[in-house]
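Novice:
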Amino acid sequence: MNLWIPVLVATAGTYAFKLAGYFVPDRFTQHPHFNQVARLLPIGLLTGLIAVQTFADGQAIVLDGRIIGASVAVLLLMRRAPFIVVVFSAALVTAVGRHFGVWI
Amino acid sequence: MQPPTSKTAILRDAVGIGLGVASYGVSFGALGVTSGLDIWQTQALSSLMFTGASQFALVGVLGAGGSALSAIAAALLLGFRNFPYALRMSSLVRPVGASKLIAAQLTIDESTAMGLAHEKGPDEAVGGRYAFWATGISVFVFWNAATLIGAVAASGAGDPKVFGLDAAIAAGFVALVWPQFQGPLERRTAALAFLVGLAAISFVRPGLPILLAGAVALVIGLTSKPSVTS
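From first to last, the protein sequence lines are chains Y and P.
So the number in the numbering used here is just where the residue sits in the first sequence, counting from 1, plus 552.
So the number in the numbering used here is just where the residue sits in the second sequence, counting from 1, plus 181.
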């Protein structure tokens, strides 16, 4: 598969959303459900991504070091750690545990 | 907290936000090349798509073995929120002619938030309009430079699992969505979407669990009584 196709098609689509806002009248935002859907949609998709990124290997569910990394992230976010600390710590804990064979 | 109103204060905040997203940009660059994209494709996403969550979703789905179609769908659904942002910024920034094209490209979470935060500034020169442009440009520059650094570094790094990069990706998504868990409706949506996504992994093709999780949010958003928000 030529990966330029999804890259460019998705780019054109996301830009169209941005551009449309500058060319259509403001009436859209008056609909009460509009903003709610716009707010909840990213939450649903991103938590779906978390599930897949933490547990999936193709169509199999795999329990490995990623769960440890994601858990570290949650703990640090509860303590209001900045983004870079969260991501770096998750990688570090997962990598060290793998190195010593604590998890795969 | 008193919002800063001087040009310098806005500029300082804009650069601070740019530096903040840079850490995320490095992660994106690394994820892009470990997901099978080359450096050019990864960089093209940061320059041309320029909306972080959609970029992550696209490479995340492709990296997980999803089809091009599911990757595009996930990126578009995440990019949809820029539409209401742009509607809002259109009346605040009021670009004319070709600058509409540039304003559209710079319409993202950060520039919109800064524009709204400074909307009621003393005048246009130090108000929301200035905050929007300063933040948009700052984030664009830092995001692209950081992507390049991450992509180049990861392309020579070998197996991403040795460095825990796969866990870093999961952690990155957690950190990205965390600030959005503001109310009970948001948390309920997240919990249900997570469970549906997880349950779907073994039953549908890669990429589709993410879209099903998005569908959960869509249904909840359409059927729940709209709460009062900005």
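Backbone N, C-alpha and C define an ideal beta-carbon position, used for all residues, glycine too.
Would you mind working out which of P/Asn-325, P/Pro-390, P/Ser-383 sits nearest P/Leu-200, comparing C-alpha positions?
Specialist: Residue P/Asn-325 is the option with its Cα nearest to P/Leu-200.
Novice: Report the partner residues of Y/Ile-613 according to the DSSP bridge assignment.
Specialist: DSSP output for Y/Ile-613 lists Y/Ala-608 as bridge partner(s).
Novice: Taking C-beta pairs closer than 7 Å, name the residues in chain P that Y/Ala-631 reaches, listed in chain order.
Specialist: Looking at the sequence shown, residue 631 of chain Y is not Ala but Arg. Ordered by position in chain P, no residue passes the 7 Å Cβ test against Y/Arg-631, which lies about 12 Å from the chain.
Novice: Is P/Phe-465 buried or exposed, if buried means 16 or more other CB atoms sit within 10 Å of its CB?
Specialist: In this structure chain P extends from 182 to 411, so residue 465 of chain P is not present and cannot be described.
Novice: Judging by CA-CA distance, which residue of Y/Ala-562, Y/Phe-635, Y/Met-630, Y/Arg-631 is the nearest neighbour of P/Gln-222?
Specialist: Considering only alpha carbons, the answer is Y/Ala-562.
Novice: Going along the chain, which residues of its own chain have a beta-carbon closer than 6 Å to the beta-carbon of P/Ala-252, five neighbours each way excluded?
Specialist: Around P/Ala-252: Leu-239, Val-242, Leu-243.
Novice: Counting Cβ pairs, one atom from each stretch, are 3 or more of them under 8 Å apart for the stretch 251-269 of chain P and the stretch 557-575 of chain Y?
Specialist: Contact between the stretch 251-269 of chain P and the stretch 557-575 of chain Y is present, because at least three Cβ pairs lie under 8 Å.
Novice: So P/Thr-293 packs on P/Gly-206, CB below 8 Å; how close in whole Å?
Specialist: Not really, about 18 Å apart at Cβ, beyond 8 Å.
Novice: Ignore the nearest five residues each way along the sequence and tell me which others in Y/Ile-656's own chain have a CB closer than 6 Å to its CB.
Specialist: Counting only Cβ-Cβ distances below 6 Å, and skipping sequence neighbours, we find Asp-616.
Novice: So, under 8 Å CB-CB, P/Tyr-266 and Y/Gly-573 are touching, yes? Tell me the CB distance rounded to an integer number of Å.
Specialist: With a Cβ gap of about 7 Å, P/Tyr-266 and Y/Gly-573 count as contacting.
Novice: Helix, strand or coil for Y/Leu-629 per DSSP?
Specialist: The answer is helix: DSSP assigns Y/Leu-629 an H, G or I state.
Novice: Given a cut-off of 8 Å, decide if P/Ile-382 and Y/Ala-608 are closer than it, judged by their beta-carbon atoms.
Specialist: Yes. Within cutoff.
Novice: Within the 8 Å Cβ cut-off, does Y/Phe-569 reach chain P?
Specialist: It does; some Cβ of chain P falls within 8 Å.
Novice: In the structure shown, what three-state DSSP assignment does P/Gly-337 receive?
Specialist: Coil, per DSSP.
Novice: Provide the residue span of the alpha helix (DSSP H) that contains P/Trp-221, from first to last.
Specialist: 220-225 is the extent of the alpha helix (DSSP H) around P/Trp-221.
Novice: Judging by CA-CA distance, which residue of Y/Phe-652, Y/Thr-646, Y/Leu-571 is the nearest neighbour of P/Ala-351?
Specialist: Taking only the C-alpha atoms, the option nearest P/Ala-351 is Y/Thr-646.
Novice: Determine, for Y/Trp-556, whether the minimum Cβ-Cβ distance to residues of chain P falls below 8 Å.
Specialist: Chain P, which has a Cβ nearer than 8 Å to the Cβ of Y/Trp-556, makes this yes.
Novice: Give the DSSP-derived three-state secondary structure of P/Glu-300 in the structure shown.
Specialist: Residue state, collapsed to three classes: coil.
Novice: State the CB to CB distance for the pair P/Pro-365 and Y/His-585, rounded to an integer number of angstroms; the pair is presumed to be in contact (CB under 8 Å).
Specialist: That pair is no contact at about 18 Å.
Novice: If we define contact as Cβ-Cβ less than 8 Å, is Y/Gly-621 a contact residue for chain P?
Specialist: So, interface residue.
Novice: Could you spell out the range, first to last residue, of the alpha helix (DSSP H) harbouring P/Pro-270?
Specialist: Residue identity check: residue 270 of chain P is Met in the sequence provided, not Pro. Where P/Met-270 is concerned, the enclosing alpha helix (DSSP H) stretches over 263-274.
Novice: At least one CB of chain P closer than 8 Å to the CB of Y/Thr-607: is that the case?
Specialist: One detail in the question is off: residue 607 of chain Y reads as Phe in this sequence, not Thr. Chain P, which has a Cβ nearer than 8 Å to the Cβ of Y/Phe-607, makes this yes.
Novice: Y/Val-561 versus chain P: which residues are under 7 Å apart at the beta carbon?
Specialist: The answer, in chain order, is Ile-253.
Novice: Name, going along the chain, the residues of the stretch 386-399 of chain P whose beta-carbon falls closer than 9 Å to a beta-carbon of chain Y.
Specialist: Cβ contacts with chain Y come from Arg-386, Pro-387, Gly-388, Pro-390, Ile-391, Leu-392, Leu-393, Ala-394, Gly-395, Ala-396, Val-397, Ala-398, Leu-399.
Novice: Between which two residues does the alpha helix (DSSP H) containing P/Phe-237 stretch?
Specialist: P/Phe-237 -> alpha helix (DSSP H) spans 233-244.
Novice: Could you tell me whether the Cβ atoms of Y/Pro-612 and P/Ala-349 are closer together than 8 Å?
Specialist: Sequence inspection shows Ala at residue 612 of chain Y; the Pro mentioned does not correspond to that position. Their beta carbons are not under 8 Å apart, which means Y/Ala-612 does not touch P/Ala-349 by this criterion.
Novice: My output table needs one value for Y/His-585: the three-state DSSP class, helix, strand or coil.
Specialist: The answer is helix: DSSP assigns Y/His-585 an H, G or I state.
Novice: Within its chain, find whatever has a CB closer than 6 Å to the CB of P/Thr-370; leave out the 5 residues flanking it on each side and keep chain order.
Specialist: If we look at P/Thr-370 and ignore the five residues flanking it on each side, its Cβ neighbours are Ala-398, Ile-401.
Novice: What are the boundary residues of the alpha helix (DSSP H) that P/Thr-404 is part of?
Specialist: Segment 389-404, the alpha helix (DSSP H) holding P/Thr-404.
Novice: Please give the ranges of any alpha helix (DSSP H) in the stretch 314-390 of chain P, keeping only runs that are unbroken, at least 4 residues long and fully inside the region.
Specialist: Listed in chain order, they are 346-358, 365-381.
Novice: To the nearest angstrom, how far is it from the Cα of P/Ile-417 to the Cα of P/Val-320?
Specialist: Residue 417 of chain P cannot be examined here, being either before or after the span of chain P that is shown, 182 to 411.
Novice: Exposed or buried, which one is P/Gln-236 when buried takes at least 16 other CB atoms within 10 Å?
Specialist: Label assigned to P/Gln-236: buried.
Novice: Return the first residue and the last residue of the alpha helix (DSSP H) that Y/Phe-569 is part of.
Specialist: Taken as a continuous stretch (DSSP letters only), the alpha helix (DSSP H) holding Y/Phe-569 covers 556-572.
Novice: Using only alpha-carbon positions, find the residue among P/Gly-388, P/Glu-367, P/Leu-392 that is nearest to Y/Gly-610.
Specialist: Measuring from the Cα of Y/Gly-610, the nearest candidate turns out to be P/Gly-388.
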